[in-house]
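S.K.: Let me begin by handing over the structure; questions about it come next.
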Amino acid sequence: MRSSTMHNLFIFAILTYPIASTAFSCAFTPKWNISVISAVPNDLVFHIKSGDDDLGNHTIPFVGIYSWGFCEKAGGGTLFYAYFWWGSKFQSIDLFDGAIKKICYLGGDTQYCYWFVKPDGFYVNPYPSGGGTFIKGWG
0 MRSSTMHNLF IFAILTYPIA STAFSCAFTP KWNISVISAV PNDLVFHIKS
50 GDDDLGNHTI PFVGIYSWGF CEKAGGGTLF YAYFWWGSKF QSIDLFDGAI
100 KKICYLGGDT QYCYWFVKPD GFYVNPYPSG GGTFIKGWG
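Just so we're aligned: 85 in numbering that gives the first Met the number 0 is position 86 of the sequence shown, and the numbers increase by one with no gaps anywhere.
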C-alpha cells in the first residue's frame, strides 16, 4: 500500500510539473533580467521599487552585482525605479520603463539589461560589456 501511494505521488508530480512551471513563466511577455553593477569605489547603496514590488535596500561593493528578474506586464507599462546613494551623492532613476526597454530589447523570450553605475553616472546596455548608453549623471 505504501509503495502504491508513493507511486501515485510520483506520477502526480510528473504530470503537474509542466502546469506549475508554466504558471511561473512569462506567458505572453518577455522575462526580463536586470543587473546593477557598481563601477564606483566604496559601497553603492540603492533601493529598488515598482508599482507592485519593493525589492528593498541593497549595498554592493566596487564591482558588486545585484540582479533580479520579472515578467513584463501585458500591454507594457512596467516600471522599476531606484534611489541611489554613493558617498554624499544621490540620484533617482528609472531602471526599467518604455525608454529603457527600447535600448535593451533584442528579441526573444528572455531579455537582459545591465546597469553600470560609474563615477560620472548611469549607463545601460543589453550586453554585460561595461559600456552602454549614458542615461543620467549624479545629482
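From the three backbone atoms N, C-alpha and C, an ideal C-beta is built for every residue, glycine too. Note that the structure is predicted; figures quoted are calculated from it, not measured.
(1) Keeping to the same chain, check which residues put their C-beta closer than 7 Å to that of CYS112; ignore five residues upstream and five downstream.
(2) My guess is that PHE61 and VAL39 are in contact by the Cβ rule of under 8 Å, so how many angstroms apart are they, rounded?
(3) Please confirm whether ILE36 and TRP114 have their CB atoms less than 8 Å apart.
(4) Given a threshold of 16 other Cβ atoms within 10 Å of its Cβ, counted over all protein chains shown, does GLY131 qualify as buried or as exposed?
(5) Among ASN41, LEU105, ILE134 and SER49, which residue has its Cα nearest to the Cα of LYS88?
(6) Quick one: residues in its chain with C-beta nearer than 7 Å to the C-beta of GLY139, no 5 flanking neighbours on either side, listed in chain order?
(7) Along the chain, where does the alpha helix (DSSP H) containing ALA73 start, and where does it finish?
(8) Going by CA-CA distance only, name the one from THR109, HIS57 and PRO29 that's closest to GLY74.
M.R.: Reading it off the structure:
(1) TRP31, ILE33, PHE95, ILE99, CYS103, VAL123 and PRO125
(2) 7 Å
(3) yes
(4) Buried, since its Cβ has 16 or more Cβ neighbours within 10 Å.
(5) ASN41
(6) The structure shown has nothing for residue 139, since the chain only spans 0 to 138.
(7) It is not in any alpha helix (DSSP H) - ALA73 carries neither H nor E in the DSSP assignment.
(8) PRO29
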